[in-house]
Structures are given as C-alpha cells and as structure tokens.
Amino acid sequence: MKVTIHRNAEEEEVSLKYVVIAVRQGSQWIMARHKDRNTWEFAGGHIDSGEAADAAAARELYEETGAEEFTITPVCIYSVAIEGVPESFGKLYLADVNRFGQLPQYEMAEIKDFTEIPDNLTYPLIVPALAAEAEAYMRQGERV
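With the sequence shown counted from 1, adding 1089 to any position gets you the working numbering.
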C-alpha cells in the first residue's frame, strides 16, 4: 500500500471518494473508536453521491465525534494505491473543535484525546502519513 500526498491537486482533477478529518482540540488529537473495533482512527468516510467534499467532511466530523462548534480547513488531496486495486483519492481536512456534544449513535463507540497519534490504529499505513501532513500544515502557520 502506498499513500501519496497531492499538495497542488485540485478537486476537479481527481475523482474524490473519501474525506478524512484530522481533529484537534487545543494541543490534543481527537481520535474515534468504531463500535466493532478496538483501534483508533480519524473521523472520515465516503462522500455521498452528489455531496460536496466540504459538506461530507462536516457531516462525518459530526457523526463520528459529536463536534458541534468547530473550524474545518482543507489541507490536501491524497491517494491510496494498493496492488491490484484502482488508486482511490480523498481529501484531508484539519478541524479545530471548540465544543463536542453527545456522540451520535452511528458507528463510533467513543472519542478520546491523545497527545501523540497512538500506535493502535485502524489504518496504520494511512493515518501516520495524513497526520504528518496535518502537522506540517499547522507548522506553516496556517493552523485553523
């Protein structure tokens, strides 16, 4: 599996299928745990048919974390290539959450704050690459 960051790509140039939201509250990463797993992940999911990526990101952020008051900023487009499977494209966002409400009863069992990205990840080959890109974005002074 290979994750590629496309910093200068435009949405119109690729067929986006996914959104991933790197969630922060202050200096902490906020990760979600799916009710059927014991691993941690960023909020995110499929872009519904006819849905804009920005709308999908806001929807997934709420559904998977309960975030009610937040700022969300697009960071980059990324792709994941797996041998024998067509390359898929997604858009990475960075969210700064001021307030969480109750976690909706969809897919996630809980959210938790972390100082560092944990090792116990649902997508261990994808999340570290996207977290590094979000951190680089924040270091450039463009933090949300």
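Where a beta carbon is used, it is the ideal one built from N, C-alpha and C, also for glycine.
- Rounded to the nearest whole angstrom, the CA to CA distance from Val1092 to Pro1213 is 11 Å.
- It is roughly 10 Å from the alpha-carbon of Pro1175 to the alpha-carbon of Ser1168.
- The beta-bridge partner set that DSSP reports for Gln1229 is empty.
- Selection Ala1146, His1123, Thr1128 and Glu1130 evaluated against Val1108 yields Ala1146 as nearest (Cα-Cα).
- For Tyr1151, no beta strand (DSSP E) run applies; the uninterrupted alpha helix (DSSP H) run containing it begins and ends at Ala1142 to Thr1154, by DSSP.
- With a threshold of 16 other beta carbon atoms within 10 Å, Lys1180 meets it and is buried.
- Here Ala1156 has Leu1150, Val1186 and Phe1189 as same chain residues with Cβ atoms under 6 Å from its own Cβ, once five neighbours each way along the sequence are excluded.
- Closest by C-alpha distance to Asp1202, out of Phe1131, Glu1152 and Thr1162, is Phe1131.
- The C-alpha of Ile1094 lies about 7 Å from the C-alpha of Cys1165.
- About 15 Å separates the beta carbons of Ala1184 and Ile1206, which is beyond the 8 Å limit, so they are not a contact pair.
- Taking the C-beta atoms as reference points, Glu1153 is found no nearer than 8 Å to Ala1198.
- In this structure, Gly1133 keeps its C-beta atom at 8 Å or more from the C-beta atom of Ile1161.
- Between Phe1159 and Val1103, the C-beta spacing is not below 8 Å.
- Judged by beta-carbon spacing, Ile1171 lies within the 8 Å limit of Met1090, meaning their Cβ atoms are closer than that value.
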